[in-house]
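Asks: Numbering (the numbering used here), first residue to last: 117 to 218.
Every residue, glycine too, gets a C-beta built ideally from N, C-alpha and C.
Bear in mind that the values here come from a model prediction, so they are computed numbers and not experimental data.
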Amino acid sequence: MVDIIRKNIVDLNQIFQDPRVKRAEVFSSAFSDKFHEGSDIDILVTFNKTVELLDYADYYFDLKEKLEDLFRRRVDLVSSRSLKNPILKESSNCSKVSFYAS
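#1: Figure out for me which residue from Glu184, Phe163, Asn201 has the closest Cα to the Cα of Ser195.
#2: May I ask you to report which of helix, strand or coil DSSP gives Phe151?
#3: Where does the unbroken beta strand (DSSP E) through Val118 begin, and where does it stop?
#4: Locate the alpha helix (DSSP H) running through Asp171, then write down its first and last residues.
#5: Out of curiosity, what's the CA-to-CA distance linking Ser211 and Phe151?
Written as structure tokens, this is what we have:
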């Protein structure tokens, strides 16, 4: 698991422990030699299908803010529901590591 995730796993479990979240995974540059203090963190989150659109939007932005506060860096939060770009989809599938599952 990526060091920055491992160091914050207790806080991450508290943040993601919500009935709206099914799974959370880190992917992309966090696994490469190019990852540095200024790098963002790419997180793929899978929400339960029962989450309504309005609740989804509010929770998404709240979650993004909490993660950026925790990591003290930019977080690219990608919802599996909105992952349509085939290149990004392939990239996330090849390099993702799950760190939360309900």
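Replies: The relevant details are as follows:
#1: Phe163
#2: coil
#3: No beta strand (DSSP E) contains Val118, which DSSP labels as neither H nor E.
#4: 169–187
#5: 14 Å
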